[in-house]
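Novice: So the sequence shown is numbered by the numbering used here: it starts at 57 and just counts up by one.
Heads up, the beta-carbon is just placed ideally off N, CA and C, and yes, glycines get one too.
Quick caveat, the model's predicted, so the values are computed rather than measured.
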Amino acid sequence: MYVNLAVLKETRAHERRVALTPSVAPKLIKLGAKLHMETGAGAAIKLADGAYTDVVFCDDRAAMVRDADVVLSVQPPELEVIDAMQEGAILVSFIYAQNEPVLVQRLLDRKITCFAMERVPRISRAQAMDALSSQSALAGYYAVQLGATHLGRVLPKITTAAGTIGPAKVLVMGLGVAGLEAIATAHRLGAVVEGYDVRPETEEQALSLGATFVRTGVDARGKGGYARALTAEEQAKVAAVLTARIQAVDLVITTAAIPGRASPKLISKAQVAGMKAGAVIVDLSAEGGGNCEDTKAGETITVGGVTIVAPLNVPSLLGDDASELYAKNQYNLLLLMMKDNIVSIDWTDEVLRQTALTHAGKLCDAAAASVPKAKAA
Numbered sequence: 057m058y059v060n061l062a063v064l065k066e067t068r069a070h071e072r073r074v075a076l077t078p079s080v081a082p083k084l085i086k087l088g089a090k091l092h093m094e095t096g097a098g099a100a101i102k103l104a105d106g107a108y109t110d111v112v113f114c115d116d117r118a119a120m121v122r123d124a125d126v127v128l129s130v131q132p133p134e135l136e137v138i139d140a141m142q143e144g145a146i147l148v149s150f151i152y153a154q155n156e157p158v159l160v161q162r163l164l165d166r167k168i169t170c171f172a173m174e175r176v177p178r179i180s181r182a183q184a185m186d187a188l189s190s191q192s193a194l195a196g197y198y199a200v201q202l203g204a205t206h207l208g209r210v211l212p213k214i215t216t217a218a219g220t221i222g223p224a225k226v227l228v229m230g231l232g233v234a235g236l237e238a239i240a241t242a243h244r245l246g247a248v249v250e251g252y253d254v255r256p257e258t259e260e261q262a263l264s265l266g267a268t269f270v271r272t273g274v275d276a277r278g279k280g281g282y283a284r285a286l287t288a289e290e291q292a293k294v295a296a297v298l299t300a301r302i303q304a305v306d307l308v309i310t311t312a313a314i315p316g317r318a319s320p321k322l323i324s325k326a327q328v329a330g331m332k333a334g335a336v337i338v339d340l341s342a343e344g345g346g347n348c349e350d351t352k353a354g355e356t357i358t359v360g361g362v363t364i365v366a367p368l369n370v371p372s373l374l375g376d377d378a379s380e381l382y383a384k385n386q387y388n389l390l391l392l393m394m395k396d397n398i399v400s401i402d403w404t405d406e407v408l409r410q411t412a413l414t415h416a417g418k419l420c421d422a423a424a425a426s427v428p429k430a431k432a433a
């Protein structure tokens, strides 16, 4: 017996990653998988089919998934893929159900068991499966590189015979995984770094990575670790502090993103208008509309003397490493359900239960409240 596992070639715009890498394939085979991949699945990152061993490559994706017990991908697959899958098969990929009501309905209609990678719970036991964190860490690193290439100055202090220049000043707004990695990278490159988050408890993390923390005097902690709504007085107090910091630095990196929802606005048009000429903003939340009011998703623009960089799907720009980490994330999730050459899902397992989106034609309990219904045609 074996588990027939199929890996799709990504087709969505801006996507270079692949869900299986040569180093992870042998591990899945040891779990009892028979591997099939779509021809050219790794071509976007110059990964040839020949780099894989013991993997069968297929030109016909419909035929490939028709016989699959488990289908792996990075982005949500096309509806045609879901239609070709056998009833009761398993799909593991990012889904972002709030943005994909038609796809979710098709998963329900076809009775596909779907594990959505963005739903992996943020608990210690699931860290090795947490694809949001692994991909965000890469995005935080790359944001600093993007900012540095658009600045007209260097990040570190450099001393030459002609004199000393630098260091540049960097402000990172939003201290989740991406923000903390951006702080660490900018600090390693010699910049003077500041960090800001509405959650005061992130101050210790910022300090540990070599940054100072921007204190606004407002505690915005709410229930469940989320920020609460601010009063008008609090908003004015926060804005006054942040405006001074935003307009004093050379590079601002914003990272506040909520999967499947609109990104919160952290930088106003007025604040951008007061920034110094040559300053750069790298907005990592462009997928959700951006943290800056002037952001244009997927574009690099100039507003006054300020450059605003708003790339889409930043982890994909580092496709080699992003694919490697993502493939390992999926492998570690599959470890929980592939045993003795079969798939056996333990629904008492907290990680599997919370990651599951659909099963047996129904939304899973943890997902039911947050997934919109598809509109009737």
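Based on Cα-Cα distance, which residue from T311, A119, G106, L245 lies nearest to P320?
Specialist: T311
Novice: For E250, write down the residues that DSSP places opposite it in a beta bridge.
Specialist: L227, T268
Novice: Could you tell me whether the Cβ atoms of L227 and V254 are closer together than 9 Å?
Specialist: no
Novice: Compute the Euclidean distance between the alpha carbons of P212 and T411, then round it to the nearest angstrom.
Specialist: 42 Å
Novice: When you compare only the Cα positions, how much space is there between V399 and A104?
Specialist: Each residue's CA atom was taken as its position, placing V399 and A104 some 29 Å apart.
Novice: Just curious, the beta strand (DSSP E) that E156 is in, first and last residue?
Specialist: First-last for E156: undefined, no H or E at that position.
Novice: Looking only at its chain, what residues have a beta carbon closer than 6 Å to the beta carbon of I179, apart from the 5 residues adjacent to it on each side?
Specialist: Taken in chain order, the list of residues that qualify is empty.
Novice: With a 10 Å radius around its C-beta and 16 neighbouring C-beta atoms as the bar for buried, classify Q386 as buried or exposed.
Specialist: Q386 comes out buried.
Novice: Who are the near neighbours of S264 in its chain, counting only those whose CB is closer than 8 Å to its CB and skipping five residues on each side?
Specialist: none
Novice: Applying the 10 Å Cβ sphere with the 16-neighbour rule, what's the burial state of Q291?
Specialist: exposed
Novice: Here's a check: name, in chain order, each residue in its chain whose Cβ is nearer than 7 Å to the Cβ of W403, leaving out the five neighbours to either side.
Specialist: Beyond the five residues adjoining it in sequence on each side, W403 comes within less than 7 Å, by CB distance, of R409 in the same chain, given in chain order.
Novice: At the level of alpha carbons, what is the spacing between V137 and L413?
Specialist: 17 Å
Novice: Classify T220: buried if its beta carbon has 16 or more other beta carbons within 10 angstroms, exposed otherwise.
Specialist: exposed
Novice: Counting only the same chain and skipping the five closest in sequence on each side, list residues whose C-beta sits under 7 Å from that of D421.
Specialist: Same-chain partners within the cutoff: there are none.
Novice: When the distance is taken between beta carbons, is G266 closer than 9 Å to A240?
Specialist: yes
Novice: Who are the Cβ neighbours of V397 in its own chain at under 7 Å, not counting the five residues just before and after it?
Specialist: The displayed chain sequence assigns Asn, not Val, to residue 397. Counting only Cβ-Cβ distances below 7 Å, and skipping sequence neighbours, we find M57, Y58, V59, G88.
Novice: With a threshold of 8 Å on Cβ separation, who are the neighbours of A184 within its own chain once the five nearest residues in sequence on each side are excluded?
Specialist: Its chain contains K384, N385, N388 as the residues whose beta carbon lies nearer than 8 Å to that of A184, once the 5 sequence neighbours on both sides are disregarded; these appear in chain order.
Novice: My assumption, with CB atoms under 8 Å, is that V111 sits in contact with L91. Please give the rounded CB distance.
Specialist: 4 Å
Novice: On the DSSP letters alone, give me the boundaries of the beta strand (DSSP E) that D339 sits inside.
Specialist: For D339, the enclosing beta strand (DSSP E) has its first and last residue at 336-339.
Novice: Sorted by chain position, which residues of the same chain lie with C-beta nearer than 7 Å to G375's C-beta, five sequence neighbours on each side aside?
Specialist: R72, R73, A100, I101
Novice: On a Cα-Cα basis, can you pick out the residue from Q261, T216, D339, G246 that is closest to A353?
Specialist: D339 is the residue among Q261, T216, D339, G246 whose C-alpha sits nearest the C-alpha of A353.
Novice: Would you decide whether A204 is buried or exposed? Buried here means 16 or more other CB atoms lie within 10 Å of its CB.
Specialist: buried
Novice: Who does F171 pair with in a DSSP beta bridge?
Specialist: DSSP lists V148, A412 as partners of F171.
Novice: Would you mind giving the Cβ-Cβ distance between D350 and K332, rounded to the nearest angstrom? I have them listed as a contact below 8 Å.
Specialist: Not quite, the Cβ-Cβ distance comes to about 16 Å (not below 8 Å), so this is no contact.
Novice: Express the C-alpha separation of G334 and A247 in angstroms, rounding to a whole number.
Specialist: 16 Å
Novice: Rounded to whole angstroms, what is the Cα-Cα separation between F141 and V126?
Specialist: Per the sequence shown, residue 141 should be read as Met rather than Phe. Between M141 and V126, the alpha-carbon positions lie close to 9 Å from each other.
Novice: With C-beta atoms as the reference, is G196 less than 9 Å away from A234?
Specialist: yes
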